[in-house]
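A.B. asks:
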Amino acid sequence: MRGQLPGSEKEIDAVTEDLFNAEADVLYVREYHCPVCEVVAPTRLIRSGKNRVTGRDMDLRQRYEPADAEKYTVVVCPQCGHTAFLSRFESITEREIKALRQWMKPDQGLEEEPVYSYETAYARIRCAMKDAMVRGAKPSETGYIALHTAWLIRGWREMLEKDAAEGKSVPDKQVQQLRDMEKHCLSMATDRLSRAMETESFPIAGMDEMTFHYLLAALNCQCGSKETAAQLVMPLLRNRQTPPALRILAEDLRDELRPRR
Ligand SMILES: [Zn+2]
Numbered sequence: 017m018r019g020q021l022p023g024s025e026k027e028i029d030a031v032t033e034d035l036f037n038a039e040a041d042v043l044y045v046r047e048y049h050c051p052v053c054e055v056v057a058p059t060r061l062i063r064s065g066k067n068r069v070t071g072r073d074m075d076l077r078q079r080y081e082p083a084d085a086e087k088y089t090v091v092v093c094p095q096c097g098h099t100a101f102l103s104r105f106e107s108i109t110e111r112e113i114k115a116l117r118q119w120m121k122p123d124q125g126l127e128e129e130p131v132y133s134y135e136t137a138y139a140r141i142r143c144a145m146k147d148a149m150v151r152g153a154k155p156s157e158t159g160y161i162a163l164h165t166a167w168l169i170r171g172w173r174e175m176l177e178k179d180a181a182e183g184k185s186v187p188d189k190q191v192q193q194l195r196d197m198e199k200h201c202l203s204m205a206t207d208r209l210s211r212a213m214e215t216e217s218f219p220i221a222g223m224d225e226m227t228f229h230y231l232l233a234a235l236n237c238q239c240g241s242k243e244t245a246a247q248l249v250m251p252l253l254r255n256r257q258t259p260p261a262l263r264i265l266a267e268d269l270r271d272e273l274r275p276r277r
């Protein structure tokens, strides 16, 4: 039995509309230039300073209000379908452009919307992964996309759990499905980023060596590989050069790795 009665349909609609408007207020449209087909790709971004950080997860995902920043990370070309993270969209090599011209198909029914739903944002980030695969992107890039996909799915699940707590009807099956999808993406991110550490030089995915080791430790912990997590995090605790903010995270992770009584 629920602890409280759900609000009326009208109340729920009004709250949903307020949330929609609050999110729309922090967005603006920026035009990117598609290097594959030369058209302009408009995309919605978050105005700097308008979104509030409300917390951080062990794996460095930041939570924001009113807009989940993970929904606004990807640019999609409306003509050729080239899709990538903001920093990669325009800066791809001639070889990558050639591969995309050969293999990408304009899709995808991804219309620009005033506010991206989680369904839309998920479809966009999936296209970014497909694009990276076609380009033969490095493990650091596919690992980074998998990590952000996991974060996006986590935000989606948290929204549904909040809806359920407020009395809206949310199928348990959908929440479980999102949990499974997140787990799969975290495991993929761990695999790719581990490979990146062996084959690429720092900075990797925009991170210095210490931050990267911490992240990989946190991901291994989340995926149940506690021994690997400890091997990565303990040197950070022993190293006097570890910055204080990262040390605090590393200490929390070490506590998380301790066997529970
Ligand atoms: Zn294009």
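Following the numbering used here, the numbering of the sequence shown begins with 17 at its first residue and continues without gaps. Don't be surprised by glycine CBs; every beta carbon is placed ideally from N, CA and C. Here the structure is a predicted model, which is why all the values come from computation and not from measurement.
#1: Under a three-way DSSP split, which group does PHE105 fall into?
#2: For the alpha helix (DSSP H) containing ALA148, list its first residue and its last residue.
#3: What residues are listed by DSSP as bridge partners for THR99?
#4: On the DSSP bridge list, what partners appear for ARG72?
#5: Just how far apart, CA to CA, sit CYS93 and ALA148?
#6: Specify which residues have a beta carbon nearer than 5 Å to any heavy atom of ligand 1, listing them in chain order.
#7: Under a three-way DSSP split, which group does MET17 fall into?
#8: Assign ALA181 to one of three DSSP states: helix, strand, or coil.
#9: Checking 7 Å against the spacing of the C-beta atoms, do ALA234 and LEU273 come in under that value?
#10: Can you grab the Cα-Cα spacing for the pair ARG18 / GLY183, in whole Å?
#11: Excluding sequence positions up to five away, which residues of its chain have a Cβ less than 8 Å from the Cβ of ALA40?
#12: Where does the unbroken beta strand (DSSP E) through ILE220 begin, and where does it stop?
#13: Kindly indicate which three-state DSSP category PRO22 falls into: helix, strand or coil?
#14: Where does the unbroken beta strand (DSSP E) through PRO58 begin, and where does it stop?
#15: Distance, Cα to Cα, PRO22 vs CYS237?
#16: Could you tell me the alpha carbon to alpha carbon distance between VAL42 and THR165, rounded to whole angstroms?
#17: According to the neighbour-count rule (16 or more other Cβ atoms, all chains shown, within 10 Å of its Cβ), is TYR138 buried or exposed?
#18: Identify the residues that DSSP records as bridge partners of ARG46: which are they?
#19: Helix or strand or just coil, what does DSSP make of SER203?
#20: What three-state label does DSSP hand SER241 in the structure shown?
#21: Identify whether LYS114 lies in helix, strand or coil by the three-state DSSP scheme.
C.D. replies: Here's the rundown:
#1: Here PHE105 sits in helix by DSSP.
#2: The continuous alpha helix (DSSP H) containing ALA148 extends over residues 134-151.
#3: Its beta-bridge partners are VAL92.
#4: Answer by DSSP bridge pairing, in chain order: GLN78.
#5: The alpha-carbon atoms of CYS93 and ALA148 are separated by roughly 14 Å.
#6: Chain-ordered list of matching residues: CYS50, VAL52, CYS53, CYS93, GLN95, CYS96, HIS98.
#7: Residue placement at MET17 is flagged as unreliable, the pLDDT there being 37, under the threshold of 50; the coordinate-derived value follows with that caveat. It is coil, neither helix nor strand.
#8: In the structure shown, the three-state DSSP call for ALA181 is helix.
#9: No, the pair does not count as a contact, with Cβ atoms beyond the cut-off.
#10: Confidence at ARG18 is low in this model, with a pLDDT of 39, below 50, so its placement is unreliable and no value can be given for it.
#11: Correct list, in chain order: PRO130, VAL131.
#12: Note, ILE220: premise wrong, no beta strand (DSSP E); not H, not E.
#13: For PRO22, the predicted structure reports a pLDDT of 48, less than 50, and the residue's modelled location is therefore unreliable. A value from the coordinates is still provided. Secondary structure at PRO22: coil, using DSSP grouped into helix, strand and coil.
#14: Run containing PRO58: 56-62, per the beta strand (DSSP E) assignment.
#15: The predicted position of PRO22 is uncertain, since its pLDDT is 48 and thus under 50; no value can be drawn from it.
#16: Taking the straight line joining both Cα atoms gives about 22 Å.
#17: Buried, because 16 or more other Cβ atoms sit within 10 Å of the Cβ of TYR138.
#18: Bridge partners of ARG46: THR59.
#19: In the three-state DSSP reduction, SER203 falls in the helix class (H, G or I).
#20: In this structure, SER241 counts as coil in the three-state DSSP scheme.
#21: If DSSP states are grouped into helix, strand and coil, LYS114 belongs with the helices.
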